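A short write-up of the structure that comes next.
Protein chains: 2
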Amino acid sequence: MFEVLIAHIKNKVDLSEVQEARLASFFISKKLRKKQYLLKEGDVCRHLSFVSKGLLKSYFSDEKGNEHINMFALEGWWISDFNSFINQEQAVLNITAVEETELLLISRDDYDTMMLQIPVMDRYFRILYQNSLVTKDYRLIVSSGYTAEEKYSQLAQNNPELIRRLPHNLIASYLGLAPETVSRIRKKLSLKK
Amino acid sequence: MFEVLIAHIKNKVDLSEVQEARLASFFISKKLRKKQYLLKEGDVCRHLSFVSKGLLKSYFSDEKGNEHINMFALEGWWISDFNSFINQEQAVLNITAVEETELLLISRDDYDTMMLQIPVMDRYFRILYQNSLVTKDYRLIVSSGYTAEEKYSQLAQNNPELIRRLPHNLIASYLGLAPETVSRIRKKLSLKK
DNA sequence: CGGATCGTTGATCAACTTCAACGGTCGTGG
DNA sequence: CCACGACCGTTGAAGTTGATCAACGATCCG
Chain Z
2 MFEVLIAHIK NKVDLSEVQE ARLASFFISK KLRKKQYLLK EGDVCRHLSF VSKGLLKSYF
62 SDEKGNEHIN MFALEGWWIS DFNSFINQEQ AVLNITAVEE TELLLISRDD YDTMMLQIPV
122 MDRYFRILYQ NSLVTKDYRL IVSSGYTAEE KYSQLAQNNP ELIRRLPHNL IASYLGLAPE
182 TVSRIRKKLS LKK
Chain F
2 MFEVLIAHIK NKVDLSEVQE ARLASFFISK KLRKKQYLLK EGDVCRHLSF VSKGLLKSYF
62 SDEKGNEHIN MFALEGWWIS DFNSFINQEQ AVLNITAVEE TELLLISRDD YDTMMLQIPV
122 MDRYFRILYQ NSLVTKDYRL IVSSGYTAEE KYSQLAQNNP ELIRRLPHNL IASYLGLAPE
182 TVSRIRKKLS LKK
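Residue numbers (our numbering), protein chains in the order written: chain Z, 2 to 194; chain F, 2 to 194.
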């Protein structure tokens with residue numbers, strides 16, 4: 002479990018053995034079965050979670066009860082309701098396991114303590130967030146400027162693994178499309194080839 | 002000019018006088034008149050820019066020549082084509098001044114050097130990016146799950162200054178709507194009151 | 001076996017875009 | 001200093017994309 006996390010961090014910054022050991026002390030592990038909640042809307046998000054195995058979705062429910070999937074998290078990704086975690090406010094998002102999942106959790110206080118005790122983690126997260134920002138900018142462009150078909154094609158190209166591992170109705174929700182629309186797009190695209 | 006930047010940084014982290022002075026040495030200033038370019042698509046984005054005065058837009062042009070506005074930057078905001086800046090690849094985005102603008106620029110190399118020489122800047126940018134991520138997550142939710150009217154209302158509520166200072170066709174582009182749609186929404190909302 | 005979940009297809013409908021025309025304002029150059 | 005063009009906002013009419021509603025077959029799992 003920890004090896005996945007350590008490997009992920011060492012991929013971006015250097016870490017001494019002492020730091021590695023100290024780092025480990027901040028995390029607790031947690032397993033989720035399919036459909037179990039990591040976070041429910043209205044609760045405060047107490048932890049930032051690293052996915053060492055499995056797949057989760059985070060989504061919000063609108064007044065009409067529709068789920069809008071915000072992001073998926075595969076192995077090597079971090080997930081939380083970021084606003085809720087940072088500011089310890091009520092969460093807007095729900096997070097549940099799509100597959101059986103193993104997580105490493107760090108609490109809000111430990112997150113700050115870790116940054117102070119292991120300053121290189123500031124750098125690690127700065128780089129991580131930097132990359133996330135680029136991705137989210139790109140998603141924003143796609144989501145407000147592209148047609149349904151283009152949105153699906155972009156995802157298929159950039160993240161084929163999500164399409165392989167997830168049911169299509171979840172993909173639809175992630176793209177902000179009706180499941181029927183995704184079905185029709187897939188048919189159309191398969192005919193093209 | 003620098004005072005605005007220093008104030009912005011000190012709002013998030015502590016900075017000694019020595020660090021302040023060193024920090025200043027990394028930046029150069031630049032002024033833009035209305036419509037002047039800070040960055041053109043295809044060029045490499047050499048600098049990360051802090052807006053000390055004015056207002057810019059960043060946008061990308063699709064095949065059909067339509068502009069999709071990605072973000073605006075007011076006083077106190079940072080702007081760049083992040084992917085281009087970080088990885089020194091070709092920019093996808095254009096950035097131009099909407100109003101007369103004053104900027105402070107830091108180069109890619111100096112950005113890294115600054116982080117190493119003034120480690121607290123890692124923290125500053127980590128916090129900054131953290132907040133940006135929350136905002137962008139929210140925008141993604143709004144942009145893929147809400148109606149045109151809801152999108153406009155959300156912006157009016159969260160960022161009335163943008164609506165005050167920008168022509169409505171730019172607001173439309175930012176929201177991914179046709180200018181006519183925004184016009185009709187405004188009419189409808191004004192009748193409501 | 002039986003229910004739940006998922007994907008597909010067809011028909012209708014609504015939201016938003018597109019196209020076109022017009023009036024107002026602003027700034028610039030003659 | 002006025003006139004012209006550029007830009008902006010508005011309105012109407014028509015067109016399109018994608019959502020919604022409904023029904024059905026397939027698969028998976030307890």
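We put the beta carbon where it would ideally sit given N, CA and C, even for glycine. No experiment lies behind these values; they were computed from the predicted model shown.
- Residues of the region 36-68 of chain F with a C-beta atom less than 8 Å from some C-beta of chain Z are F61, D63, N67, listed in chain order.
- Under the 7 Å criterion on CB atoms, Z:I142 is classed as interfacial with respect to chain F.
- Residue pairing for Z:E181: DSSP places it in no beta bridge.
- With 16 or more neighbouring CB atoms inside 10 Å of its own CB, F:S174 falls in the buried class.
- About 4 Å separates the Cβ atoms of F:H48 and F:L106, confirming a contact at the 8 Å cut-off.
- Within the region 119-138 of chain F, the residues whose Cβ lies closer than 7 Å to some Cβ of chain Z are P120, D123, R124, F126, R127, Y130, Q131, S133, L134, V135, K137, D138, listed in chain order.
- By the 16-neighbour rule on beta-carbons within 10 angstroms, Z:G66 is exposed.
- Remark: C-beta atoms of Z:I119 and Z:K13 do not approach each other more closely than 7 Å.
- Cβ contact annotation for F:K32 (same chain, cutoff 6 Å, sequence separation greater than five): E103, in chain order.
- In the structure shown, F:M116 adopts helical secondary structure according to DSSP, grouped into three states.
- Considering only F:K41, F:F28, F:V99, the residue with the shortest C-alpha distance to F:E90 is F:K41.
- For F:N71, the C-beta contacts it makes with chain Z under 8 Å involve D138, L141, I142, in order along the chain.
- In terms of Cβ geometry, Z:T182 and Z:A149 form a close pair [threshold 7 Å].
- The beta carbon of Z:F61 sits closer than 8 Å to the beta carbons of E42, E68, H69, N71, V93, L94, N95 from its chain, once the five residues preceding and following it are set aside; these are given in chain order.
- Between the C-alpha atoms of F:I87 and F:R109 there is a straight-line separation of about 7 Å.
- Shown here, F:A92 sits in coil according to DSSP, grouped into three states, outside any helix or strand.
- In the displayed model, Z:K41 falls within coil according to three-state DSSP, outside both helix and strand.
- The C-beta of Z:G177 comes closer than 7 Å to at least one C-beta of chain F.
- Sixteen is the threshold: when 16 or more other Cβ atoms of the shown chains lie within 10 Å of the Cβ of F:R124, as they do, the residue is buried.
- Around the Cβ of F:L24, a 10 Å sphere holds 16 or more other Cβ atoms; the residue is buried.
- The three-state secondary structure of F:L33, taken from DSSP, is strand.
- Per DSSP, F:F126 is not a residue of any beta strand (DSSP E); the alpha helix (DSSP H) it occupies stretches across 121-146.
- With at least 16 other beta carbons inside 10 angstroms of its own, Z:A98 counts as buried.
- Take the alpha-carbon of F:L117 and the one of Z:D15: they are about 14 Å apart.
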